[in-house]
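Notes to accompany the following structure.
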Ligand SMILES: Cc1ncc(COP(=O)(O)O)c(C=O)c1O
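In our numbering, the protein residues as written are 271 to 727.
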């Protein structure tokens, strides 16, 4: 069999190969004749890789459209949003695209989150329920307000906060619930909203990593009182640094917009600086680039979703590979990351790390390892520094802080509850923007490694 070409391999076209689905897998299992040519020799063993070259890692993708927009903003000499129009124009564009009445742009996802918590009134002595599996910014905004991040363990099948454990964490001090939608995958937001309604606790969604991910047609970031987005450079929609607050409630939006603009009333009903605030404004340069990047993002998002689903469905037919769980059949994933559980026993006991190594040699950027969630913000050293600070000691009794310290044991997050399981993971933000043929290459590379498990010993 020749290396996979864009037009497909001999005998069976690439598309036909994939369409055959389960039959292909069955055929492989039965030892379907595969010519013993160089093409079926693993690249790790000197064979020809399925893909001639690695996927591009150039990010962000730009061209003269971003350059023009940037130069236009520069030449306008209106670099601050108070004089320019790019920031306010994009707020309208983004709110409409996300399906909410209002958007307030900020200089980062972190400031979007902290503005939201501030407007809700989170302060010293309060608790905010959140996930340990997130970027530290989610937690910093809570502790910086001298409130406690109350960690709820994660769902082993997704790495998102386990919604079934949230109610047990609610206390008289709970001021907000802050779920995180990770890497393009929605958390169990409908269940979380039901808890929010039952206990009358507002939800601030950290949707920083998951622009356009949706559940039952509704985009994440639009369920809670506020949804926060990041446009920082490594996200899927970017402008270097930047963020957005999405919201429906008029007064919430007024206060949020004031908070990021030194307390000015955006409605101009009150003069001067009537509200608490600071300067967290986005510049016109960022908004100019973001506006162009957004057009690119809107074009690419369906492709990333369709490609992701296509690869996922094809690989799910291989016994032993189980894609990440969705909380609803109609979940729209943006596939910033793609991952599958890997049952080593079904792969002749080849470790996931070795399987992934073989795939990387085929120029598929897969990583493999134990199925545990590394890190965990509940383990970060800064937490103890906060707990020992004058502000925390003033806001919480000794007893409360001690109980809190005892609560920082999370069996799933800490890896005890999922030991022995393994996972394959790919940063799919760029690869899933590729052509259908390239998706077929990913699928074929996995099949090729499966056919050659014996060679991986
Ligand atoms: C889950 C999560 N929350 C918050 C943030 C903070 O966003 P920013 O870097 O734009 O401040 C990030 C950014 O990496 C993130 O991944």
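Each residue gets a CB set at the ideal place from its N, CA and C atoms; glycine is no exception.
Query	Result
Between residue 645 and the rest of its own chain, which residues show a CB-CB distance below 6 Å, the 5 nearest in sequence each way excluded?	none
Give me the Cα-Cα distance between residue 366 and residue 448, rounded to the nearest whole angstrom.	24 Å
Got a sec, what are the start and stop residues for the alpha helix (DSSP H) residue 580 sits in?	554-586
Please indicate yes or no: does the CB of residue 498 lie closer than 8 Å to some heavy atom of ligand 1?	yes
Helix, strand or coil: how does DSSP classify residue 517 here?	strand
Below 8 Å on the Cβ atoms is my guess for residue 379 versus residue 459; work out the distance and round it to an integer in Å.	With 8 Å as the limit, residue 379 and residue 459 do not qualify as a contact, their Cβ atoms being about 18 Å apart.
Label residue 676 either buried or exposed according to how many other C-beta atoms from any shown protein chain fall within 10 Å of its C-beta, with 16 as the threshold for buried.	exposed
According to DSSP, what are the bridge partners of residue 611?	592 and 693
In the DSSP assignment, find the beta strand (DSSP E) that holds residue 499 and state where it starts and stops.	496-500
Buried or exposed: which applies to residue 347, given that a residue is buried once 16 or more other Cβ atoms fall within 10 Å of its Cβ?	exposed
In the structure shown, what three-state DSSP assignment does residue 447 receive?	strand
Mapping DSSP to helix, strand and coil, what is residue 719?	helix
Confirm, please, whether the CB-CB distance from residue 412 to residue 436 is below 9 Å.	no
Of all the options 432, 434 and 462, which has the alpha carbon lying nearest to the alpha carbon of residue 446?	462
Just to check, is the beta-carbon of residue 505 closer than 8 Å to a non-hydrogen atom of ligand 1?	yes
Let me make sure I understand the geometry here. Which of 697, 423, 475 and 501 has the alpha-carbon closest to that of residue 439?	423
Quick one: complete beta strand (DSSP E) runs, 3+ long, within the region 648-713?	692-697
Alpha carbon to alpha carbon, how far is residue 327 from residue 561? Give it in angstroms, no decimals.	22 Å
Taking all protein chains shown into account, decide if residue 582 is buried (16 or more other Cβ within 10 angstroms of its Cβ) or exposed.	buried
Can we count residue 450 as close to ligand 1, meaning its CB is less than 8 Å from some heavy atom?	yes
Which stretch, first to last residue, makes up the alpha helix (DSSP H) that contains residue 366?	356-368
Strictly by DSSP, which residues pair up with residue 418?	397
Rounded to a whole number of angstroms, what is the C-alpha to C-alpha distance between residue 680 and residue 310?	44 Å
If we count Cβ pairs, one from each stretch, closer than 8 Å, do we get three or more for the region 688-706 versus the region 647-661?	no
Could you say if the region 358-377 and the region 514-529 meet the contact criterion of at least three C-beta pairs nearer than 8 Å?	yes
Spatial neighbours of residue 296 within its chain, please: C-beta separation below 8 Å, excluding the five flanking residues on both sides.	Note that residue 296 has pLDDT 38, beneath the 50 cutoff, so the model's placement of it is unreliable and the number below is only indicative. Excluding residues within five positions, none has a Cβ falling inside 8 Å.
Our contact map puts residue 416 next to residue 529 with C-beta atoms below 8 Å; I'd like the distance itself, whole angstroms only.	Not really, about 17 Å apart at Cβ, beyond 8 Å.
Within 8 Å, do at least three Cβ pairs link the region 590-599 to the region 468-484?	no
Taking 8 Å as the cut-off, is the CB of residue 408 close to at least one heavy atom of ligand 1?	yes
From which residue to which residue does the alpha helix (DSSP H) around residue 379 run?	379-390
Verify the contact flag: residue 556, CB atom, against every heavy atom of ligand 1, threshold strictly below 8 Å.	no
Who does residue 745 pair with in a DSSP beta bridge?	Residue 745 cannot be examined here, being either before or after the span of the chain that is shown, 271 to 727.
Along the chain, where does the beta strand (DSSP E) containing residue 627 start, and where does it finish?	Counting along the chain, residue 627 falls outside any beta strand (DSSP E), though it belongs to the alpha helix (DSSP H) covering 622-631.
Which residues share a DSSP beta bridge with residue 373?	516
Let me know the secondary structure DSSP gives residue 431 once reduced to three states.	strand
By the three-class DSSP mapping on this structure, what secondary structure does residue 474 have?	strand
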